[in-house]
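Those protein sequences? They're chains A and D, same order as listed. Under our numbering, the first residue of the first sequence carries the number 328, and numbering increases by one thereafter. Under our numbering, the first residue of the second sequence carries the number 11, and numbering increases by one thereafter. For glycine and all other residues, C-beta sits at the position ideal for the given N, C-alpha and C. First up is the structure itself, then whatever we jot down about it.
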Amino acid sequence: MEHETIPGIGKSGTFSWGRIAKHMAILFVLLAVWEYVTATGIADELMFPQPTEIVLSVWPLYGSPGIVWYHLWVTMATVLAGFVVGTVLGIVLAALVGMSESTRRYLQPYIIILEATPRIAMGPLVLAWLGFGFGAKLAIVTLVCFFAPFVNTLTGILSANEPQIELMKSMGASKWQILTKAMVPDAMPLIMAGIRLAMASALGGALVAEFISSNDGMGVLMQNLTAVLNMPAAFATLLSLTIVGFILYRLMEMIEGTVVFWQNDDGMRRASRRREKYWRSL
Amino acid sequence: MSEVTQTGGRSGIFGWMSNPVHLTRLAIHFGIFASFMSVWEWASRTGRLNDLIMPGPIAIADAIWRLYFATGEIYWHFFVTMFEAVAGFTIGGLIGLGLAIAAALSMTFRRYIAPYAVALNVTPGIAVTPIFIAWFGFGWNSKIALASLIVFFPIFVNTLSGLLRVDRDTMELFRSLGAKKSQIFFKLMLPEAAPMIFAGFKVAITTALVGAIVAEFASATEGIGILMQRYAHRLDIAASIAVLFSMSLMGLILYTLMEMTDRRLVFWQHADRLDRVGHRRFKKLMRLRSRGTRKPLGVSRRAQD
């Protein structure tokens, strides 16, 4: 399993300043064209704010009134809490369901139906149940985060190595041992992939929850800024969401690298070095 | 469900039903379903479940009846959302396919487009909703735009990795036999990538639906998303669950359509389809031969010359 965001691009090995400069040049030209187009009025300034305006609007957002911090904090709290609750629930339930074949068989139709339902679409319903506020947002993010880990864990457990489990059984391993020593490590790459998917959708889920009902959070901030047609600030907010998304993505990549270290060379090398150090110290 | 697809080839459902194990399983399935439903109904009748939180199955069935048959008001909204999703899928898919093909053919282009694709991927596409609504208005356009935005990335990445997956030796062989660039692309790269492209399409079509629905939540006058929100605000939970069912139904319809297209176009990936297409082609060949062409099988005219 190789993880490249964009396939066919070599990883960090091919880093060179010349290429960075070219990238920068292209970006600069794009921005300059954009600036020119809006400054001369070919594109509507109200709708497509100039890059310089966007940069200037970063200051009021982050600096002196600094309104973004509070909303960012609310959204991140929702995302992280919902993510943790959703993934833990998904993995635990999948492990329970995966243990027994008949449970799995009789739950399957319901899982298929639930999978076909767009999760975010349940937002208004959850809202009607739990009312406006943090609880509903948390529930929506949990719902969004639940399925990918659940399905992936179930698939991972189902595709367990049968002969290996037979061997463990014949040597008198308990069910718990089989689960923790054979099934879970085998399923771990898939589980991590599910967790990554959950993280990727968590931010979106939180934003949707905020769009449909909330008083605070990045989604509300975006909506308010566009409602008063303060487009530069809306774009700056969007950019900060990109950065947040990128950080979360990288974070998940790092966690994956350490948890399923045997899946990529880098993690493998790091883990073996750590173990070597440990054995030396003994 | 998987068992049906596994055993029910051409012999149909009756062959499957004749197996007593399957019959008992089916009976247990129905038993579980029926007891679940009756407990639910009982709980809502006796007031153990609040009607405002979770109405009973009969109330929901009644709401479905109302929406689909008594008033029939859902059809228009259903059509609107489906149209938005499909239009967004088409636009975003075409852009994604085009850019992915360009990126697969040119290393330089791939390298320079990569950062933007990554940025697009990590930005939650849904966050753009308010901006799109400001740009494209409250009508269908903003929904289509959002759907095409969030559809773009899965299609782009899958197409690109499919196209780059081509076996080097086969490529060498094609080149050494003097294949033109267009021939390499259409006869080698595209067929090789087709399964992955369709995997991307299948992910994207449900994503497109989510995009359309979310954009409708943010602001719309028609569409299934706004219908659901309206009912939820009126605390008519039964109707809003009925609309939710319609969303699943729409997701299933779109996904199944995609799956059928996949089976038709990428027939060599599915054993039963491969059998059928092979059979058809064989019959066609035999017909040609019996018509009196005395050429040996499988040798084209040019090779004979």
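Going along the chain, which residues of its own chain have a beta-carbon closer than 7 Å to the beta-carbon of residue i, five neighbours each way excluded?
i	result
Leu524(A)	Ala475
Met449(A)	Leu470
Ala598(A)	Phe588
Phe146(D)	Ser152, Ala155
Met519(A)	Glu583, Val586, Val587
Ser256(D)	Ile84, Phe88, Ile234
Met92(D)	Met260
Arg431(A)	Val424, Gly425
Phe166(D)	Gly106, Leu109, Ala110, Ala127
Met379(A)	Looking at the sequence itself, residue 379(A) is Thr, so the reference to Met does not match. For Thr379(A), where only same-chain residues beyond five positions count, the Cβ hits under 7 Å are Glu362.
How many whole angstroms separate the CB atoms of residue i and residue j, which I take to be in contact at a CB cut-off of 8 Å?
i	j	result
Leu321(D)	Phe162(D)	Absent from the model: residue 321(D). The displayed extent of chain D is 11 to 315, so no value can be given.
Ala533(A)	Val406(A)	5 Å
Ile123(D)	Ala113(D)	6 Å
Ala127(D)	Ile333(A)	6 Å
Leu556(A)	Leu373(A)	6 Å
Pro205(D)	Gln279(D)	5 Å
Met199(D)	Val220(D)	Incorrect: roughly 31 Å between the Cβ atoms, too far for contact.
Asn488(A)	Ala514(A)	With a Cβ gap of about 10 Å, Asn488(A) and Ala514(A) do not count as contacting.
Leu530(A)	Gly572(A)	6 Å
Phe538(A)	Ala228(D)	5 Å
Ala536(A)	Ile440(A)	With 8 Å as the limit, Ala536(A) and Ile440(A) do not qualify as a contact, their Cβ atoms being about 23 Å apart.
Taking 6 Å as the limit between beta carbons, can you name the residues of its chain near residue i, skipping five residues before and five after?
i	result
Arg20(D)	With a pLDDT of 45 at Arg20(D), under the threshold of 50, the modelled position of that residue is not reliable, and the figure given next carries that caveat. Correct list: empty, nothing qualifies.
Arg311(D)	Residue placement at Arg311(D) cannot be trusted, given a pLDDT of 49 that sits under 50; the coordinates are not used to answer.
Ala408(A)	Leu465
Ser28(D)	none
Gly521(A)	Ala475, Pro476, Asn479
Ile223(D)	Gly235
Val412(A)	Thr469
With a threshold of 8 Å on Cβ separation, who are the neighbours of residue i within its own chain once the five nearest residues in sequence on each side are excluded?
i	result
Ile394(A)	Pro387, Leu388, Leu548
Glu269(D)	Lys212
Gly102(D)	Ala157, Ser158, Leu159, Ile160, Val161, Phe162, Ile165, Ala214, Ala218
His243(D)	none
Ser391(A)	none
Assign residue i to buried or exposed, taking buried as 16 or more other Cβ atoms, counted over all protein chains shown, within 10 Å of its Cβ.
i	result
Pro164(D)	buried
Asp371(A)	exposed
Ala214(D)	buried
Ala71(D)	exposed
Trp606(A)	exposed
Gly98(D)	buried
Gly345(A)	exposed
Met581(A)	exposed
His398(A)	buried
Val356(A)	exposed
Trp400(A)	exposed
Gln504(A)	exposed
Leu298(D)	exposed
Arg577(A)	exposed
Pro559(A)	buried
Asp282(D)	exposed
DSSP state of residue i, grouped into three classes?
i	result
His32(D)	helix
Asn542(A)	coil
Ala500(A)	coil
Pro392(A)	coil
Asp593(A)	helix
Gly233(D)	coil
Ile381(A)	helix
His280(D)	coil
Val555(A)	coil
Trp482(A)	Reading off the sequence shown, one finds Thr at residue 482(A), where the question assumed Trp. In this structure, Thr482(A) counts as helix in the three-state DSSP scheme.
Ala563(A)	helix
Ile369(A)	coil
Lys604(A)	helix
Ile105(D)	helix
Thr15(D)	In this prediction, Thr15(D) scores a pLDDT of 43, lower than 50, which makes its location untrustworthy; the coordinate-derived value is nonetheless stated afterwards. Looking at Thr15(D) - three-state DSSP - the assignment turns out to be helix.
Ile574(A)	helix
Phe99(D)	helix
Ala218(D)	helix
Sorry if obvious, but does the Cβ on residue i come closer than 6 Å to a heavy atom of the ligand SAH?
i	result
Leu284(D)	The model on display carries no ligand, and the ligand SAH is accordingly not part of it.
* To do: Closer than 7 Å, Cβ to Cβ, to anything on chain D: give me those residues from the segment 435-457 of chain A, in chain order.
  => Taking 7 Å as the Cβ-Cβ cut-off against chain D, the residues of the segment 435-457 of chain A that qualify are Gln435, Pro436, Ile439, Ile440, Ala443, Thr444, Pro445, Ile447, Ala448, Met449, Gly450, Pro451, Leu452, Leu454, Ala455, Trp456.
* Which residues, in chain order, does the segment 484-504 of chain A contribute to contact with chain D at a C-beta distance below 7 Å? -> Answer in chain order: no residues at all.
* Asked: In the segment 130-156 of chain D, which residues sit with their C-beta less than 8 Å from some C-beta in chain A, listed in chain order?
  -> If you check each beta-carbon in the segment 130-156 of chain D against every beta-carbon of chain A, the ones closer than 8 Å belong to Asn131, Val132, Thr133, Pro134, Gly135, Ile136, Ala137, Val138, Thr139, Pro140, Ile141, Ile143, Ala144, Trp145.
* **Contacting positions in the segment 545-574 of chain A - beta carbon closer than 9 Å to chain D** => Under the 9 Å Cβ criterion, the segment 545-574 of chain A contributes Met545, Gly546, Met549, Gln550, Asn551, Leu552, Thr553, Ala554, Leu556, Met558, Ala561, Phe562, Thr564, Leu565, Leu566, Leu568, Thr569, Ile570, Val571, Gly572, Phe573, Ile574.
* With 7 Å as the limit, tell me which residues of the segment 366-393 of chain A have their beta carbon closer than that to any beta carbon of chain D; keep them in chain order. => Flagged, chain order: Met374.
* **Where the segment 43-75 of chain D meets chain A: residues whose CB sits under 7 Å from a CB there** => Listed by position, the residues of the segment 43-75 of chain D near chain A (Cβ gap below 7 Å) are Ile63.
* When Cβ atoms are compared, which residues of the segment 268-279 of chain D fall closer than 9 Å to chain A? -> Under the 9 Å Cβ criterion, the segment 268-279 of chain D contributes no residue.
* To do: Select from the segment 171-182 of chain D all residues with a C-beta closer than 7 Å to any C-beta belonging to chain E, and list them in chain order.
  => Included in the structure are the protein chains A and D, with no chain E among them.
* Using a beta-carbon distance cut-off of less than 7 Å, what residues from the segment 78-102 of chain D approach chain A? -> Listed by position, the residues of the segment 78-102 of chain D near chain A (Cβ gap below 7 Å) amount to none.
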